[in-house]
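One structure is given below, encoded as structure tokens.
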Amino acid sequence: MTQGKVLECHLQHPGLGCISFALLKFLLTGKRFSIFFIPMHFIPILIFKRKELRSNPFNTLKKASQNCLKSLLFLSSMVGIIRLTICSLKKLQRPLGGIDGLIIGTLSGTSIILESDGRGFEMTLQLFPRFCEAVYNHFHKKFPKLQMKNFELLLFSMLIGLIHYCYQHNNLVIKSTYLALFKYFWGKN
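Take the sequence shown: its letters are residues 445 to 633, numbered as in this note's numbering.
This is how it looks when you write it as structure tokens:
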């Protein structure tokens, strides 16, 4: 992207086709972020699951390796899909903008299916308030007279409501540490 315009494909990735460039981005992202994801998945095992590691090292390391691989696949595929979607939308011979960001985000967001269930839900909980805030800011920019007092309170309440719903109806998606805390405060259902 230069001066608000997306570069043409032949300038963005000279000598490579759009699919080859997306695959290259997929591989490079996996390589770059493995430096981050490997410690992120294995250090907590050394700190919090030492007994489990001693008693059953193979299964513990296997599960951590699978989760690390899922996280790398999620992020890498998201970046690859973003690149491929941008190239595909540019081929429609129109400037990018408007709804294209929504299309790119929606298509790349489907890669969350590669992440483990608990981690995917945790990421959703982290992004949900930011999504609501972005929607609010968008409408506030278009309609400046629209004001909502205590917007943070509404966001917090919606998020707590979502957590409570999952605690009551689908507690398998809540991390075990959070679940133990909820059971301590609210008891068993």
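For every residue, glycine included, the Cβ atom is placed at its ideal position computed from N, Cα and C. Here the structure is a predicted model, which is why all the values come from computation and not from measurement.
For residue i, which of helix, strand or coil comes out of DSSP?
i, result
"Asn614", "coil"
"Gly461", "coil"
"Gly549", "helix"
"Pro488", "helix"
"Asp631", "With the sequence shown as reference, residue 631 is identified as Gly, and Asp is not the correct amino acid for it. Three-state DSSP puts Gly631 in coil, outside helix and strand."
"Lys593", "coil"
"Lys619", "coil"
"Lys495", "helix"
My understanding is that residue i touches residue j, with C-beta atoms under 8 Å, so please give their C-beta distance in whole angstroms.
i, j, result
"Ser520", "Phe470", "5 Å"
"Leu460", "Leu468", "7 Å"
"Phe518", "Glu452", "Not a contact, Cβ separation roughly 29 Å."
"Leu528", "Asp544", "Contact flag wrong, Cβ pair sits at about 13 Å."
"Ile556", "Met567", "7 Å"
"Phe595", "Tyr580", "6 Å"
"Phe572", "Leu606", "7 Å"
"Gly524", "Ala466", "5 Å"
Within the continuous alpha helix (DSSP H) that includes residue i, where are the two ends?
i, result
"Pro539", "Premise fails: Pro539 is in no alpha helix (DSSP H) and is neither H nor E."
"Asn511", "501-534"
"Asn581", "561-586"
"Leu455", "453-456"
So, does the CB of residue i fall closer than 8 Å to a CB anywhere in chain D?
i, result
"Gly542", "Looking for chain D here will not work: only one protein chain is present."
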